Structures are given as structure tokens and as C-alpha cells.
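Peer 1: If you read the protein sequences in the order shown, they are chains A and B. Using the working numbering, read the first sequence as starting at 1 and increasing by one per residue. Using the working numbering, read the second sequence as starting at 298 and increasing by one per residue. For each residue, glycine too, the CB sits at the ideal point set by N, CA and C. Remember, predicted model here, so these are calculated numbers, not experimental data. Quick one: this structure, given as C-alpha cells, is what I'll be asking you about.
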Amino acid sequence: MYPAPFRYHRPENLEQAVALLAKYGTDAKIMAGGQSLIPMLKLRIGDMAELIDIGRLPDLSHIEQRGNTLHIGALATHGQIGACELAATIPALAEAAGGIADRQVRSMGTIGGGLCVADPSGDWPTILRLLDATVTILGGSGTRSLSVADLLLDAYTTALNGDEIVTEIQLPLPEANTTSAYVAFKRAASAFPTCSAGIQLTMENDRCQRARLVLGCAGNTVIVSKEAEAQLEGQSIDEHTLFSAAETIVSVSEPPPDARGSEAFKRAMLKTMVVEAGRRALARSRGEQIKGGHRYA
Amino acid sequence: MPDKIVIDVNVNGLDYQREIEPRLLLVEFIREELGLTGTHIGCDTSYCGACSVVLNGKLVKSCTCLAVQADGAKVETVEGLETDGELHPLQSAFSEHHGLQCGYCTPGMLMASKTLLDENPNPSEEEIRKGIGGNLCRCTGYVNIIKAVDAASQALAVNVGGES
């Protein structure tokens, strides 16, 4: 299976990459690690005439703390983030990154690519929405900043203009007493998740001060519910409150029936995922060391 | 037809230069251009891992890399495991423990196991299972593959101990 023919460009810096995008417009596509793009090209989905390979650009693979923010270069790989001690200060981040697809894909696939593909089943949109991430974008008219919430418009659709590239992802480091967990179920290591859920809880004296709850694979883009979060906030969280919040957020989701399962199956799974993520975050808030992330048969 | 480009790749210690189409996949480059057919194409959809090779020290699926992504890189394939006709301890262990039946997935399994043991010389059973998670086998049920990787890790530890 070969991709359709294309011309190959390997810019030496971001400015050249942006200039190539501006020149070729919709005829061009950016490739970082290629782990989403190459399978699509092989299936002849979204063929393009010009391929711009930014995978070797220097200085885009950093993972650094500056003040209260974690800065991750767009070309940092899933594997690199999953193994990074600094990234592990946000438990949901490390466990999501370390469980994406398999080791082979984690060697090549990047956080920037995984986010910008905006696949409804992808892990990065879900986890970065959970953690209130922001991206830095470089384009022909300069640099701008955008929240991941505003970046993700729809399935496979972002707010990026034709000549723009995401260069860095910024994550606010969690405040005191804040823990998180990310849970995903997939049929095999290599597969996209069937369902996923993430939770971040700020606890004080066993009461939840602030809650963040997201679902992946449950609609065209990441599902959030202020109502579900409000059900957790101010409460002493137990299985019952977790299940109520799960019911609420799953009720506003639209999981598509497909080869991975029926809508009813996915709704049931999503509820389980929320409760499981909540259990893990609570255990972490009590100081327990819990390994988590993706589960597969 | 778009312009061809020239790439330089070191495969199993030998330097190769070829003029290729940019759409050529790394696995096709290895098999068709270099004639190294030990690397297998199993699914061609990024699921099975039969085509796994080591690219600059990292395990990748060569059906999901373009050959141009390996320009200037070092690639290791299953043909590079043996030394002067001596099987690599992983190859010996797969043979001794029946870690294969039809053998189709084996080149990928070996490369995945090699990078696993490079990173973690003494993996637990769970770590072996996770380490070969991206490689599918439809014959063995994995039990003997796991035994083989475990045996190889012990053999390698003895070898290292013997040399020091």
C-alpha cells in the first residue's frame, strides 16, 4: 500500500515551514512523526500534493518547567513524555502519554501531531482538554496563543489557519492538593481507545473544591460538562457522587456506534471509566501510588 | 511524477544510498531496494508490528515510516541480529522455547524484544507482555514468546557477567 505521489519538503526551520504552508495552501500537509498521517495517506484519505516534514526541526522536543507552567515542545514524542519525571508531576499526563498505542508508535508520534489531528478517539485532545492546556501557534502573521478548548472545533478540525503550526503546548502545573487520572479502554495495544475519561480533583479536607471531567471517543470532540463537575464540587466524593457525575456527563455525550461497540455499550463503558478515573484520583489524593492509564485485553 | 530524492541510510552497519520516490515506505525500501526480506509486512495498517525495525535506537513500524524519515539514520533489522553466523541470544531462546510457529511475526517480535531488553535487561512477565504489546502473533498464544524473552534476558545477563 503506497500513498499517492507527493512532493517532499524538509524545511530547516519553522519560518521556512510556515512559508511553505503559505505558498502551497491546502495542497500541503504538515508531518511531524507521521503516525496518524502515514496510515491515512496509505488508505488514500486526505491525499496532498506537498508534504512538509517538520519532524527533524530542532528545539521543539523540550519538556521544561518555567514558573508554574510545564512547556512541552510540539515534537516531544508520546514515549518521551511518558518516561519524563517532570511530566509525571501531572499523573494523568504521564499515564496517558505512556499508554498511547504501542511502543512503536510512541517512538515516533508527537504531542503536537496527536493534538492537531483532532481525532475524536485520540488521547491527546482529551488529556490536554482535561488539563486546561494552551498552545503556541506560529503563522505567517506571527505568534498567537490559544486554549486547547478553542483550538479543537470538531472532528479532525482545528482553529488553525492554513499557514499555522502548533509549536508548543503549555500546561498549568496542578496546585496543591490536586490529583488527576486518565483511564482508557482499548481492544489491543495498537488500537485507538474505545472509550476514555479523565478527571482532575482539587481536594481539601476530603471535600472536592474543584473538579474537571472529560470524556474521549464520545462525540465529535472532547465532551465536558459543567453540570457534572458541579455535582462533585463541594462534596465529599464517594462512589455514589462519582456515579451521578458520570451519568450526567455521559448523558450529554454522543458516542458513535462503530466496530468498537454499540452506543449503549459505549455509554456503559464511559460511566465505568469516569468512576474508575475518579477512584484512582481519590486514591492518589490519599497519597497512594497507583499505576493507571490504558487497559486492553 | 514528483521529483525523486536521494537518501543515505545505514542498515545493519552498511551504508546505502538510493534515489527514491518520497512516498516509498521504509519497509518497502528495506525489502525491495535493499533485498532484506527478513522484515515482514503483516497488516500494513499499523496494527501488527511484523515490520518492526530499530530506527536510531528506537523501535518503529517500518510500514508506518517513510523511507525519507530514515535519511541519515541507522536502521537495524532482523538480519543484523546474528554475529558471524552465531545467533543472537534472543534468536536462540526463540528456537529453544518454541517462541514461534509459522514465524511470520518473529522478525518483529525479535526486534521488539531486543529494544525491550536494551531498555530493561530484566523485565517482569508483565513488562514483557507490555513490551511486545505492539506485536501480534496468531499462532503461539504468546506464552512461549514470553518464556523465550525471559530466557534471553537471563542468558544476556550471564554473558554480561562473564565478560566483566
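Three Cβ pairs or more, each shorter than 8 angstroms: is that satisfied between the stretch 419-438 of chain B and the stretch 361-375 of chain B?
Peer 2: no
Peer 1: So, does the stretch 82-92 of chain A touch the stretch 327-344 of chain B, judging by three or more C-beta pairs under 8 angstroms?
Peer 2: no
Peer 1: Just the C-alpha distance for residue 401 of chain B and residue 115 of chain A, rounded to the nearest angstrom, thanks.
Peer 2: For the purposes of this step, residue 401 of chain B is identified with residue 104 of the second sequence, where counting begins at 1. For the purposes of this step, residue 115 of chain A is identified with residue 115 of the first sequence, where counting begins at 1. Going from the Cα of residue 401 of chain B to the Cα of residue 115 of chain A covers about 34 angstroms.
Peer 1: Which residues, in chain order, does the stretch 91-119 of chain A contribute to contact with chain B at a C-beta distance below 8 angstroms?
Peer 2: Near chain B, meaning a CB-to-CB distance below 8 angstroms, the residues of the stretch 91-119 of chain A are 101, 102, 103, 104, 105, 107, 108.
Peer 1: For residue 439 of chain B and chain A, any beta-carbon pair shorter than 7 angstroms?
Peer 2: Along the second sequence, one-based indexing puts residue 439 of chain B at 142. Closer than 7 angstroms: no.
Peer 1: If the cut is a Cβ gap below 9 angstroms, which residues of chain B does residue 7 of chain A touch?
Peer 2: If you number the first sequence from 1, residue 7 of chain A lands on position 7. Correct list: 299, 300, 319.
Peer 1: When the Cα atoms are used, what is the spatial distance from residue 446 of chain B to residue 453 of chain B?
Peer 2: The residue you call residue 446 of chain B lines up with position 149 of the second sequence. The residue you call residue 453 of chain B lines up with position 156 of the second sequence. Going by C-alpha positions, residue 446 of chain B is about 10 angstroms away from residue 453 of chain B.
Peer 1: Should residue 193 of chain A go down as buried or exposed, given a rule of 16 or more other Cβ atoms within 10 Å for buried?
Peer 2: As a first step, residue 193 of chain A must be located in the first sequence, where it is residue number 193. Burial call: buried.
Peer 1: Have a look at residue 307 of chain B and residue 330 of chain B and give me their C-alpha separation to the nearest angstrom.
Peer 2: Working through the second sequence from its first residue, we reach residue 307 of chain B at position 10. Working through the second sequence from its first residue, we reach residue 330 of chain B at position 33. Near 13 angstroms, if we compare the C-alpha coordinates of residue 330 of chain B and residue 307 of chain B.
Peer 1: Give the DSSP-derived three-state secondary structure of residue 35 of chain A in the structure shown.
Peer 2: Along the first sequence, read from residue 1 onward, the residue named residue 35 of chain A stands at position 35. In this structure, residue 35 of chain A counts as coil in the three-state DSSP scheme.
Peer 1: Give the straight-line distance between the Cα atoms of residue 84 of chain A and residue 110 of chain A, rounded to the nearest whole angstrom.
Peer 2: Locating residue 84 of chain A in the first sequence gives position 84, where the first residue counts as 1. Locating residue 110 of chain A in the first sequence gives position 110, where the first residue counts as 1. Spanning the two alpha carbons is a distance of roughly 14 angstroms.
Peer 1: According to the Cβ coordinates, are residue 163 of chain A and residue 142 of chain A closer than 7 angstroms?
Peer 2: Residue numbering aside, residue 163 of chain A sits at position 163 when the first sequence is read from its first letter. Residue numbering aside, residue 142 of chain A sits at position 142 when the first sequence is read from its first letter. No, the Cβ-Cβ distance between residue 163 of chain A and residue 142 of chain A is not below 7 angstroms.
Peer 1: Measure the beta-carbon distance from residue 112 of chain A to residue 148 of chain A and round it to whole angstroms, keeping in mind my assumption that it falls under 8 angstroms.
Peer 2: In the first sequence, the residue the question calls residue 112 of chain A occupies position 112. In the first sequence, the residue the question calls residue 148 of chain A occupies position 148. At roughly 12 angstroms, the Cβ-Cβ gap does not stay under 8 angstroms, so residue 112 of chain A and residue 148 of chain A are not in contact.
Peer 1: Check the Cβ-Cβ distances between residue 52 of chain A and every residue of chain B, and say whether any is below 7 angstroms.
Peer 2: Start at 1 with the first residue of the first sequence, and residue 52 of chain A comes out as number 52. Not closer than 7 angstroms to any Cβ of chain B, the Cβ of residue 52 of chain A fails to qualify, so no.
Peer 1: For the beta strand (DSSP E) containing residue 203 of chain A, list its first residue and its last residue.
Peer 2: For this step, residue 203 of chain A is matched to residue 203 along the first sequence. For residue 203 of chain A, the enclosing beta strand (DSSP E) stretches over residues 193-204.
Peer 1: For residue 278 of chain A, does the three-state DSSP call read helix, strand or coil?
Peer 2: Here the question's residue 278 of chain A lines up with position 278 in the first sequence. Correct three-state label for residue 278 of chain A: helix.
Peer 1: Reducing DSSP to helix, strand and coil, say where residue 456 of chain B ends up.
Peer 2: For the purposes of this step, residue 456 of chain B is taken as the residue at position 159 of the second sequence. Residue 456 of chain B falls in the helix class under three-state DSSP.
Peer 1: Given a cut-off of 7 angstroms on the beta-carbon distance, is the pair residue 431 of chain B and residue 104 of chain A in contact?
Peer 2: Walking along the second sequence from the start, residue 431 of chain B turns up at place 134. Walking along the first sequence from the start, residue 104 of chain A turns up at place 104. Closer than 7 angstroms, so yes.
Peer 1: Nearest to residue 26 of chain A by alpha carbon, out of A:107, A:18, A:198?
Peer 2: Locating residue 26 of chain A in the first sequence gives position 26, where the first residue counts as 1. Minimum Cα distance to residue 26 of chain A is reached at A:18.
Peer 1: Could you check if residue 385 of chain B is buried or exposed, using at least 16 other CB atoms within 10 Å of its CB as the buried criterion?
Peer 2: On the second sequence, position 88 is the one that residue 385 of chain B refers to. Under this definition residue 385 of chain B is a buried residue.
Peer 1: Could you check the C-alpha separation between residue 300 of chain B and residue 9 of chain A for me, to the nearest Å?
Peer 2: In the second sequence, counting from the first residue as 1, residue 300 of chain B sits at position 3. In the first sequence, counting from the first residue as 1, residue 9 of chain A sits at position 9. So the two alpha carbons sit approximately 11 angstroms from each other.
Peer 1: Could you spell out where the alpha helix (DSSP H) holding residue 208 of chain A opens and where it closes?
Peer 2: In the first sequence, residue 208 of chain A corresponds to position 208, counting from 1. No alpha helix (DSSP H) holds residue 208 of chain A; the beta strand (DSSP E) holding it covers 207-216.
Peer 1: So is residue 182 of chain A in contact with chain B if we call contact Cβ pairs under 7 angstroms?
Peer 2: In the first sequence, counting from the first residue as 1, residue 182 of chain A sits at position 182. Residue 182 of chain A does not count as touching chain B.
Peer 1: Can we say the stretch 35-55 of chain A touches the stretch 359-366 of chain B, given the rule of at least three CB pairs closer than 8 angstroms?
Peer 2: yes
Peer 1: Give the residues of chain A in contact with residue 243 of chain B, contact being defined as C-beta atoms less than 7 angstroms apart.
Peer 2: The first residue shown for chain B is 298 and the last is 461, placing residue 243 of chain B beyond what the model contains.
Peer 1: Report the three-state DSSP secondary structure of residue 385 of chain B (helix, strand or coil).
Peer 2: Taking the first residue of the second sequence as position 1, residue 385 of chain B is located at position 88. Correct three-state label for residue 385 of chain B: coil.
Peer 1: So, for residue 285 of chain A: in the same chain, excluding its five sequence neighbours on each side, which residues have a beta-carbon less than 6 angstroms away from its beta-carbon?
Peer 2: Walking along the first sequence from the start, residue 285 of chain A turns up at place 285. 179, 203, listed in sequence order.
Peer 1: If the cut-off is 7 angstroms on Cβ atoms, which residues from the stretch 353-370 of chain B count as contacting chain A, listed in chain order?
Peer 2: Taking 7 angstroms as the upper bound on Cβ-Cβ separation, chain A lies near residues 355, 356, 357, 358, 361, 362, 363, 365, 366 of the stretch 353-370 of chain B.
Peer 1: Indicate the three-state DSSP secondary structure (helix, strand or coil) for residue 250 of chain A in the structure shown.
Peer 2: Within the first sequence, the letter at position 250 stands for residue 250 of chain A. Here residue 250 of chain A sits in helix by DSSP.
Peer 1: What residue range is occupied by the uninterrupted beta strand (DSSP E) comprising residue 293 of chain A?
Peer 2: The count along the first sequence starts at 1 and reaches residue 293 of chain A at position 293. Taken as a continuous stretch (DSSP letters only), the beta strand (DSSP E) holding residue 293 of chain A covers 293-296.
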